[in-house]
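Structure record follows, encoded as structure tokens.
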Amino acid sequence: MFAFLQSRRPKSEDSFHAVLNERSGRWYNACLRITRDADLAADAVQDALLKAWGKRDDFRGEAELDTWIHRIALNAAIDLMRRRRPETEEEIDTDLAPAAPAASPENQYANRALGNDLATAMQRLTAMERQSFLLKHLEGWRLGEIAESQGTSVNNTKQALFRAVRKLRVDMDVWRGES
Amino acid sequence: MISDNELLLHHYGDGLDEAEREKITRELAAQPDLAMRQRTLVAGLDAAACAPNVLVPAEMHRRWRASLEQAARSEKSAASRDTHRASLFGSFQWRTGAATFGVVLLATSIGLGIYSNRDVVPGDVSHPAGVPVRTVGLDDASRYERGLQWHLASTERQLANLGSADGDERTRLVDRVIAQNRLYTIAADRANEPRLARVLRSFTPILENLADNHTEKREFDAGLSQLNFELKVMQARLATATSTAPTAQLLAL
Chain U
40 MFAFLQSRRP KSEDSFHAVL NERSGRWYNA CLRITRDADL AADAVQDALL KAWGKRDDFR
100 GEAELDTWIH RIALNAAIDL MRRRRPETEE EIDTDLAPAA PAASPENQYA NRALGNDLAT
160 AMQRLTAMER QSFLLKHLEG WRLGEIAESQ GTSVNNTKQA LFRAVRKLRV DMDVWRGES
Chain C
1279 MISDNELLLH HYGDGLDEAE REKITRELAA QPDLAMRQRT LVAGLDAAAC APNVLVPAEM
1339 HRRWRASLEQ AARSEKSAAS RDTHRASLFG SFQWRTGAAT FGVVLLATSI GLGIYSNRDV
1399 VPGDVSHPAG VPVRTVGLDD ASRYERGLQW HLASTERQLA NLGSADGDER TRLVDRVIAQ
1459 NRLYTIAADR ANEPRLARVL RSFTPILENL ADNHTEKREF DAGLSQLNFE LKVMQARLAT
1519 ATSTAPTAQL LAL
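Written out as structure tokens, the structure is:
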């Protein structure tokens, strides 16, 4: 078993270049969703690549190299956002902020724009709410892992997740004409 | 009544204790409406989370490749030096560490020097001589500004030596500049100067290209010229900003 794990350890630069060619789009898009900033997302991917390269001897081979770098990139994205001072993005409860406009029969085209408005709904989330929601719902991280990455408690992460869901639901219900 | 939050945590299989999880599982099995509510909730959130992927710009991809190649090169270079010199003090890690420490030490010294010089404002009658006047925001900005000026000038000086350096020496020089530049990029990030951080960060791929022994001379010269130009522009802007706005505005490059 040990030999098997050893054999999966990516020692060569080629294995890194191969996974970079194949999967960097996925890493970049995941970081972009978290940061909403193309430059920060690109920096996060670069940091992740360099960290993974530097620590490749620690890579135990249980996961794929792609998954490992993906996770490091998301952590790097959160870290870069934190370094760029959390107060630049207001961590206020935006429940009182206006939701997406109500659906109306004459506004047919609105439904086609649902994709855009869901993106708008995501914009109403604070950085912590967005991170908590995306890392949980899309990336499948454990609440404890998210909290550790955010440098907060599991309960704070859980509450941020609930607030995110509440805000997203308000916008989605408005667009469905349920409110 | 089971809340949406509980339904969601049950779906995630996380954040509920064993008893809560079992209770919700039983309720879901017994109540089709509840199961439907959970599915609707999850589907809605799936839609919210789903965003179309964007293509990675080719330039970014090149930058990532170059970083990886540079990291691998630096490692090989360090290993080679270690083998030849077999000395802790000759190792790349030590040199990079020493360079970084030197930068921090120098920046701190400059900062402290400026700080102590500005503690007493000559001619300010509202503050008797010997009574320190603390101007924290201004001092911080000045310290940062002087450090940045030093970094830009130092980078320019080190780049001037690149042309005459041989392969290994050139790599070592560039590694040092990259490490130093990285430090100031982090400082710019922390000072909430994203534009400045971005400009400094954009130096990295050019520097990495300069360190590459396989880079053709024409390409090397072009990269060096570009970097020198960028450095001069930044220094000029910084000097202008310093003379017109000696406070925090000077960093709005």
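The listed protein sequences derive, respectively, from chains U and C.
Note that my numbering has the first sequence beginning at 40, numbered continuously upward.
Note that my numbering has the second sequence beginning at 1279, numbered continuously upward.
All C-beta atoms in this analysis are idealised placements derived from N, C-alpha and C, irrespective of residue type, glycine included.
Model, not experiment: these values are computed from the prediction.
Worksheet entry | is_contact[residue 1288 (chain C), chain U] using C-beta, thresh 8 Å | Position 10 of the second sequence holds residue 1288 (chain C). With a threshold of 8 Å between beta carbons, residue 1288 (chain C) makes no contact with chain U.
Worksheet item: Which bits of chain C does residue 63 (chain U) rub up against, with CB to CB less than 7 Å?
Response: Within the first sequence, numbered from 1, the residue matching residue 63 (chain U) stands at position 24. Ordered by position in chain C, the residues that pass the 7 Å Cβ test against residue 63 (chain U) are 1334, 1339, 1342.
Item to complete: Starting from the beta carbon of residue 1472 (chain C), find every residue of chain U whose beta carbon is closer than 7 Å, and list them in chain order.
Response: By 1-based counting over the second sequence, the position of residue 1472 (chain C) is 194. Near residue 1472 (chain C) (Cβ distances below 7 Å), the residues of chain U are 123.
Discussion item. Counting only Cβ pairs nearer than 7 Å, list the residues of chain U close to residue 1293 (chain C).
Written reply: Taking the second sequence and counting its residues from 1, the one referred to as residue 1293 (chain C) is at position 15. Proximity of chain U to residue 1293 (chain C) at the Cβ level (cut-off 7 Å) is accounted for by 182, 197, in chain order.
Worksheet entry | Range of the contiguous alpha helix (DSSP H) that encloses residue 96 (chain U) | In the first sequence, residue 96 (chain U) corresponds to position 57, counting from 1. Counting along the chain, residue 96 (chain U) sits inside no alpha helix (DSSP H), nor does DSSP assign it H or E at all.
Worksheet item: Which term fits residue 1483 (chain C), buried or exposed, when burial requires 16 or more other beta carbons within 10 angstroms of its beta carbon?
Response: Residue numbering aside, residue 1483 (chain C) sits at position 205 when the second sequence is read from its first letter. So residue 1483 (chain C) counts as buried.
Discussion item. Under DSSP, the alpha helix (DSSP H) around residue 1463 (chain C) begins and ends at which residues?
Written reply: By 1-based counting over the second sequence, the position of residue 1463 (chain C) is 185. For residue 1463 (chain C), the uninterrupted alpha helix (DSSP H) segment begins and ends at 1445 to 1468.
Discussion item. Three Cβ pairs or more, each shorter than 8 Å: is that satisfied between the region 101 to 108 of chain U and the region 52 to 71 of chain U?
Written reply: In the pairwise beta carbon analysis, the region 101 to 108 of chain U is classified as touching the region 52 to 71 of chain U: at least three pairs are separated by under 8 Å.
Worksheet item: With residue 88 (chain U) and residue 1346 (chain C) assumed to form a contact (beta carbons below 8 Å), what rounded beta-carbon distance in angstroms separates them?
Response: The residue given as residue 88 (chain U) occupies position 49 in the first sequence. The residue given as residue 1346 (chain C) occupies position 68 in the second sequence. Contact between residue 88 (chain U) and residue 1346 (chain C) holds: their C-beta atoms lie close to 6 Å from each other, under 8 Å.
Worksheet item: Just how far apart, CA to CA, sit residue 1280 (chain C) and residue 115 (chain U)?
Response: As a first step, residue 1280 (chain C) is located in the second sequence; it is residue number 2 there, counting from the start. As a first step, residue 115 (chain U) is located in the first sequence; it is residue number 76 there, counting from the start. Roughly 36 Å between the two C-alpha positions.
Worksheet item: On the three-pair Cβ rule with 8 Å, is the region 1467 to 1474 of chain C touching the region 1450 to 1458 of chain C?
Response: Three or more beta-carbon pairs separated by less than 8 Å are not found between the region 1467 to 1474 of chain C and the region 1450 to 1458 of chain C, which leaves the two stretches without contact.
Practice prompt. Identify the continuous alpha helix (DSSP H) that holds residue 1484 (chain C) and give its terminal residues.
Written response: One-based indexing of the second sequence puts residue 1484 (chain C) at position 206. From DSSP, the alpha helix (DSSP H) with residue 1484 (chain C) extends over 1472 to 1489.
Discussion item. Just to confirm, is the Cβ distance from residue 198 (chain U) to residue 117 (chain U) under 8 Å?
Written reply: Numbered from its first residue, the first sequence carries residue 198 (chain U) at position 159. Numbered from its first residue, the first sequence carries residue 117 (chain U) at position 78. No, they are not a contact pair.
Worksheet item: Can you list the residues of chain U that residue 1283 (chain C) reaches, using a CB-CB cut of under 8 Å?
Response: Residue mapping note: residue 1283 (chain C) aligns to position 5 of the second sequence, counting from 1. The answer, in chain order, is 201, 204.
Worksheet item: Among U:185, U:93, U:66, which has the Cα closest to the Cα of residue 82 (chain U)?
Response: Locating residue 82 (chain U) in the first sequence gives position 43, counting from the first residue. Residue U:66 holds the alpha-carbon nearest to the alpha-carbon of residue 82 (chain U) among U:185, U:93, U:66.
Practice prompt. Have a look at residue 1464 (chain C) and residue 1451 (chain C) and give me their C-alpha separation to the nearest angstrom.
Written response: Counting from one through the second sequence, the residue named residue 1464 (chain C) turns up at place 186. Counting from one through the second sequence, the residue named residue 1451 (chain C) turns up at place 173. Going by the C-alpha atoms only, they are around 20 Å apart.
Fill in: Where residue 1324 (chain C) sits in the DSSP three-state scheme
Residue numbering aside, residue 1324 (chain C) sits at position 46 when the second sequence is read from its first letter. In the structure shown, the three-state DSSP call for residue 1324 (chain C) is helix.
Worksheet item: Can you find a CB in chain C that lies within less than 8 Å of the CB of residue 230 (chain U)?
Response: Past the boundaries of the shown model lies residue 230 (chain U); chain U is included only from 40 to 218, so the question cannot be answered.
Worksheet item: Looking at the C-beta of residue 82 (chain U), does it have a partner C-beta in chain C at a distance below 8 Å?
Response: The count along the first sequence starts at 1 and reaches residue 82 (chain U) at position 43. With its beta carbon less than 8 Å from one in chain C, residue 82 (chain U) belongs to the interface.
Worksheet item: Does residue 1511 (chain C) come within less than 8 Å of chain U when only Cβ atoms are used?
Response: The residue labelled residue 1511 (chain C) in the question sits at position 233 within the second sequence. Look at residue 1511 (chain C): its C-beta is not under 8 Å from any C-beta on chain U.
Item to complete: Return yes when the C-beta of residue 96 (chain U) is under 7 Å from any heavy atom of the ligand SAH, and no when it is not.
Response: What this structure holds is no ligand at all, so the ligand SAH is not there to describe.
Practice prompt. Could you tell me whether any Cβ in chain U is nearer than 8 Å to the Cβ of residue 1352 (chain C)?
Written response: Walking along the second sequence from the start, residue 1352 (chain C) turns up at place 74. It does not; no Cβ of chain U falls within 8 Å.
Worksheet item: Among C:1490, C:1324, C:1289, C:1337, which one has its Cα closest to the Cα of residue 1354 (chain C)?
Response: As a first step, residue 1354 (chain C) is located in the second sequence; it is residue number 76 there, counting from the start. Selected option, being the one with the closest Cα: C:1490.
Discussion item. Which residues in chain B have a C-beta closer than 7 Å to the C-beta of residue 176 (chain U)? List them in chain order.
Written reply: No chain B is present in this structure, whose protein chains are U and C.
Practice prompt. Taking only the alpha-carbon atoms, compute the straight-line gap between residue 167 (chain U) and residue 1468 (chain C) and give it to the nearest angstrom.
Written response: In the first sequence, residue 167 (chain U) corresponds to position 128, counting from 1. In the second sequence, residue 1468 (chain C) corresponds to position 190, counting from 1. For residue 167 (chain U) and residue 1468 (chain C), the distance between alpha carbons rounds to 19 Å.
Discussion item. So that I know if they touch, is there some Cβ in chain U lying closer than 8 Å to that of residue 1459 (chain C)?
Written reply: Sequence index remark: in the second sequence, residue 1459 (chain C) carries index 181 (1-based). So no, residue 1459 (chain C) is outside the interface.
Worksheet item: Which chain C residues are close to residue 113 (chain U), counting only those with a beta carbon under 9 Å from its beta carbon?
Response: Residue numbering aside, residue 113 (chain U) sits at position 74 when the first sequence is read from its first letter. The contacting residues do not exist; residue 113 (chain U) stays about 14 Å from chain C at best.
Discussion item. Tell me which residues share the same chain as residue 1446 (chain C) and place their Cβ nearer than 7 Å to its Cβ, disregarding the 5 neighbours each side in the sequence.
Written reply: For the purposes of this step, residue 1446 (chain C) is taken as residue 168 along the second sequence, with counting starting at 1. The residues are 1355.
Worksheet item: Between which two residues does the alpha helix (DSSP H) harbouring residue 60 (chain U) extend?
Response: As a working mapping, residue 60 (chain U) is identified with position 21 in the first sequence. Going by DSSP, residue 60 (chain U) is part of the alpha helix (DSSP H) stretching over 52 to 74.
Worksheet item: Of all the CB atoms in chain C, is at least one closer than 8 Å to the CB of residue 52 (chain U)?
Response: Translated into the one-based positions of the first sequence, residue 52 (chain U) becomes position 13. Cβ-Cβ to chain C under 8 Å: yes for residue 52 (chain U).
Discussion item. Tell me the rounded alpha-carbon separation between residue 1402 (chain C) and residue 1437 (chain C).
Written reply: Against the second sequence, residue 1402 (chain C) aligns to sequence position 124. Against the second sequence, residue 1437 (chain C) aligns to sequence position 159. For residue 1402 (chain C), the predicted model reports a pLDDT of 35, less than 50, meaning its position is unreliable and no value from the coordinates is stated.
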